[in-house]
Amino acid sequence: MKKSTQIFLLKSLVLLIFCIGTSMNAQTFVKHYDHVLKKDRINNEIGKLEEINLKVIFSGNDKGDIVFYFDSSESAERYYKVGTIKEGVSKDGLKYRYITTTSEDGNKVIMQLFDNGIFRVHSQDYTMEYQEQSN
Numbered sequence: 055m056k057k058s059t060q061i062f063l064l065k066s067l068v069l070l071i072f073c074i075g076t077s078m079n080a081q082t083f084v085k086h087y088d089h090v091l092k093k094d095r096i097n098n099e100i101g102k103l104e105e106i107n108l109k110v111i112f113s114g115n116d117k118g119d120i121v122f123y124f125d126s127s128e129s130a131e132r133y134y135k136v137g138t139i140k141e142g143v144s145k146d147g148l149k150y151r152y153i154t155t156t157s158e159d160g161n162k163v164i165m166q167l168f169d170n171g172i173f174r175v176h177s178q179d180y181t182m183e184y185q186e187q188s189n
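Every position in the sequence shown, counted from 1, becomes a number in the numbering used here once 54 is added.
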């Protein structure tokens, strides 16, 4: 076999291994939510459970952005990853993952995703709890 063919095959193998490794590390996934509950942290009030149509894309890329699409619209809200994903357990034993993000307008927002599917978005003034009620 020619040396140039060997080098080409070696480069192709390295590229293939790199692509497989990258795709395995990228854990992009999508969640759909149909209900939301707003908790006002300033007045300590909990709103009523409301219907919503929300698609959230949790990006597994290096940036780690989280993107919200409301009511199947083309407009999106993007949150930028600031820290690393951390894990925890709630008082009632539910496991969750959370990450600190920054909204497009520069506000700090903590995203918390529970193993049971509940997704909470914590800002300074309120917490939004997104739920899946219908399947």
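All C-beta atoms in this analysis are idealised placements derived from N, C-alpha and C, irrespective of residue type, glycine included.
With distances taken between CB atoms, is the gap from residue i to residue j smaller than 8 Å?
{"i": "methionine 182", "j": "lysine 92", "result": "yes"}
{"i": "histidine 86", "j": "lysine 109", "result": "yes"}
{"i": "aspartate 88", "j": "isoleucine 106", "result": "yes"}
{"i": "phenylalanine 122", "j": "threonine 82", "result": "no"}
{"i": "lysine 135", "j": "aspartate 119", "result": "yes"}
{"i": "tyrosine 184", "j": "aspartate 94", "result": "no"}
With residue i as the anchor, note down where its beta strand (DSSP E) starts and where it stops.
{"i": "glutamine 185", "result": "180-185"}
{"i": "leucine 108", "result": "104-112"}
{"i": "threonine 156", "result": "149-157"}
{"i": "glutamine 81", "result": "Unbroken run through glutamine 81: none, as it is neither H nor E."}
Just how far apart, CA to CA, sit residue i and residue j?
{"i": "phenylalanine 124", "j": "leucine 148", "result": "27 Å"}
{"i": "serine 77", "j": "glycine 171", "result": "For serine 77, the predicted model reports a pLDDT of 42, less than 50, meaning its position is unreliable and no value from the coordinates is stated."}
{"i": "arginine 132", "j": "isoleucine 96", "result": "24 Å"}
{"i": "glutamate 104", "j": "asparagine 161", "result": "25 Å"}
{"i": "lysine 145", "j": "serine 129", "result": "36 Å"}
{"i": "histidine 176", "j": "valine 163", "result": "6 Å"}
{"i": "glutamine 187", "j": "aspartate 159", "result": "30 Å"}
{"i": "valine 84", "j": "leucine 167", "result": "12 Å"}
{"i": "arginine 174", "j": "serine 157", "result": "15 Å"}
If you run the structure through DSSP and keep just helix, strand and coil, what is residue i?
{"i": "isoleucine 139", "result": "coil"}
{"i": "leucine 69", "result": "Confidence at leucine 69 is low in this model, with a pLDDT of 46, below 50, so its placement is unreliable and no value can be given for it."}
{"i": "arginine 95", "result": "coil"}
{"i": "isoleucine 172", "result": "coil"}
{"i": "aspartate 146", "result": "coil"}
{"i": "serine 77", "result": "Below a pLDDT of 50, predicted positions are generally treated as unreliable, and serine 77, at 42, falls in that range; no measurement from the model is reported."}
{"i": "glutamine 128", "result": "Inspection of the sequence shows that residue 128 is occupied by glutamate rather than by glutamine. Of the three classes helix, strand and coil, the one that applies to glutamate 128 here is coil, per DSSP."}
{"i": "lysine 117", "result": "coil"}
Checklist entry - When the Cβ atoms of the stretch 126-141 are set against those of the stretch 150-161, are three or more pairs found closer than 8 Å? => result Yes: at least three Cβ pairs fall under 8 Å.
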